[in-house]
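K.L.:
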Amino acid sequence: MEQINLQNILIIIIIAFVLTSIYYLINIGNKHVGESNKIILSRVNIIRTLILIISVIFVIFIFKKYPIILSTIITLILSVVVAYIINPLVNYFEKKLNKRAYAILVSYLIIFGFFIILIGLVVPITIDELKKLLRSLPNILNEVEKTIDSIAVNFTGNNEQLAVFYNNISEGFQEYANKIQISLFKFITELGSNASGYASVFIRIALIPVVSFYILLDKDKLISKIKSLSIYKNNKVSNLFKDIDESMSEFVRARILMAIFVGVVTTIVLLILGIDFALVIGLITMIADIIPYIGPFLGFVPAIVLALIKGPYMAILVAILFVAIQWVENNVIGPRILGKSVGLHPLVILLSLIIGGGMFGVAGMIFSVPVVATGKVVIKHLGPTMKEKFFNLIDYKKE
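Mind the numbering: the sequence shown is residues -4 to 394 in my numbering, read in order.
Here it is, written out as structure tokens:
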């Protein structure tokens, strides 16, 4: 009985700590955003949040029970995203060729041709580097450990307590490194055994350009069908779709350009410094940069580990350059090409990444921010109407 009470007290303390942390994070974040993007804690906002949480839990339950629904929706969403990205190129060629079907085919040929050339040039080098990385992993880890040993000796000296503390860290590092190596080889060996699962994923991926083709081909018909709906004739709804289109088009374009910038600059910097596997790290950094805040660390960690082989000063230099690249991206390039297309509170972005990653993995982290940004636009347009209909009883202004 006493143990149960202690558990309940511990749960209450944890909940109180989490809520207090969220409260302070909101206030800290409010200092760094515009007045319109601040999170205001009120009775109405709390009840709206609870309704949203219940709705999300219900949707998760449906997706867990019927996974085919989720996979179909994801395939459709990705097809729409691909069509959305390609559409400007299709529109350009449609003006030249005067036929949309030909314009789509030419656009597809250019894009597929680009990827074939990219695969032919980059993929073989990347695969070779990955093979070398796997073969060299034990030696790399040993070299890193030796470097850390030399640093520790300089700092610990004859202090026995510090030496014991370091030895514990060193043993933990070695154990963790062995687990990473075992996991990598296990992943490679299991690729063949999961052939059926990969086949279904490949089929869904192959369907994306096909579905995108028909979305692009019948774009005008689809738009006219949507506009013919009575709900779209409402000015609020039409303005809503217009704002979503403008916001998302700018966001997608900006994230792609920023990711390419980070990947290319990272690769060039690492090549100049003579860091091994620069192309692989640059590619990882470029892909991961699509995920705000968290993504850059995925390229930062292996770069630091490999730089440690050349010594602690090289690792410090690489760390400084990584921070500089991120600073340029977030403070120079980002504001210029991204602008205020998303305009989300930093805490909202972090929570979106955590929830999206927990629910749908990497894909969830990539799409969580644009989905939440779209939701914000929807709430901005429909919020006053929802407030009038559903929150009259709890709105202090109406009491």
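We put the beta carbon where it would ideally sit given N, CA and C, even for glycine. Owing to the predicted nature of the structure, the values given are computational and were not obtained by experimental measurement.
Given a cut-off of 9 Å, decide if Ile81 and Ile106 are closer than it, judged by their beta-carbon atoms.
P.N.:
Contact: yes.
K.L.:
Rounded to a whole number of angstroms, what is the C-alpha to C-alpha distance between Lys60 and Thr67?
P.N.:
Approximately 14 Å, taken between the alpha carbons.
K.L.:
Taking 9 Å as the cut-off, decide whether the C-beta atoms of Ser102 and Leu113 are in contact.
P.N.:
Their beta carbons are not under 9 Å apart, which means Ser102 does not touch Leu113 by this criterion.
K.L.:
Among the candidates Lys220, Ile9, Ser363, whose CA atom is the shortest distance from the CA of Val343?
P.N.:
Here the closest residue by C-alpha is Ser363.
K.L.:
Please state whether DSSP places Gly269 in a helix, a strand or coil.
P.N.:
Residue state, collapsed to three classes: coil.
K.L.:
What residue range does the alpha helix (DSSP H) around Gly294 cover?
P.N.:
Note, Gly294: alpha helix (DSSP H), 290 to 303.
K.L.:
Measuring straight from C-alpha to C-alpha, what distance separates Ile374 and Gly306?
P.N.:
Roughly 52 Å separates the two Cα atoms.
K.L.:
Could you have a look at Lys126 and say whether DSSP puts it in helix, strand or coil?
P.N.:
Of the three classes helix, strand and coil, the one that applies to Lys126 here is helix, per DSSP.
K.L.:
Measure the C-alpha to C-alpha separation of Phe88 and Ala98 and round it to an integer number of angstroms.
P.N.:
Using only the alpha carbons, I get a separation of about 5 Å.
K.L.:
Using 8 Å as the cut-off, can you tell me whether the segment 267 to 287 makes contact with the segment 237 to 249, which would need three or more C-beta pairs spanning the two stretches below that distance?
P.N.:
No, the segment 267 to 287 does not touch the segment 237 to 249.
K.L.:
Between which residues of its own chain and Leu65 is the CB-CB distance below 6 Å, once the five residues before and five after are set aside?
P.N.:
Answer for Leu65: Phe58, listed in chain order.
K.L.:
Sort Met309, Gly258, Asp240 by Cα distance to Thr369 and report the nearest one.
P.N.:
Answer by Cα proximity: Asp240.
K.L.:
Which residues in the same chain have their Cβ closer than 6 Å to the Cβ of Met309, if we skip the five residues on either side of it in sequence?
P.N.:
Cβ within range, chain order: Ala302.
K.L.:
If we call anything under 9 Å between Cβ atoms a contact, is Arg250 one with Ile69?
P.N.:
Contact: no.
K.L.:
Look at the alpha carbon of Val77 and the alpha carbon of Ile328, and state the distance between them as a whole number of angstroms.
P.N.:
Those two C-alpha atoms are separated by around 24 Å.
K.L.:
State the CB to CB distance for the pair Pro297 and Ile315, rounded to an integer number of angstroms; the pair is presumed to be in contact (CB under 8 Å).
P.N.:
About 17 Å separates the two Cβ atoms, so there is no contact after all.
K.L.:
Within the same chain, show all residues whose beta-carbon is closer than 6 Å to that of Met360, passing over the 5 residues directly before and after it, in chain order.
P.N.:
Ile286, Leu348, Gly351, Gly352, listed in sequence order.
K.L.:
Give every residue of the same chain whose Cβ lies closer than 7 Å to the Cβ of Ile55, excluding the five residues on either side of it in the sequence, and list them in chain order.
P.N.:
Excluding residues within five positions, the ones whose Cβ falls inside 7 Å are Met354.
K.L.:
At what residues does the alpha helix (DSSP H) containing Val323 begin and finish?
P.N.:
From DSSP, the alpha helix (DSSP H) with Val323 extends over 307 to 323.
K.L.:
Whole angstroms is fine: what's the gap from Leu293's alpha carbon to Val367's?
P.N.:
So the two alpha carbons sit approximately 23 Å from each other.
K.L.:
Counting along the chain, where does the alpha helix (DSSP H) carrying Val85 start and finish?
P.N.:
Per DSSP, Val85 belongs to the alpha helix (DSSP H) from 62 to 92.
K.L.:
Helix, strand or coil for Ile9, going by three-state DSSP, please let me know.
P.N.:
Helix, per DSSP.
K.L.:
Determine whether the beta carbon atoms of Ile221 and Phe236 lie at a separation below 9 Å.
P.N.:
Yes, the pair counts as a contact, with Cβ atoms nearer than the cut-off.
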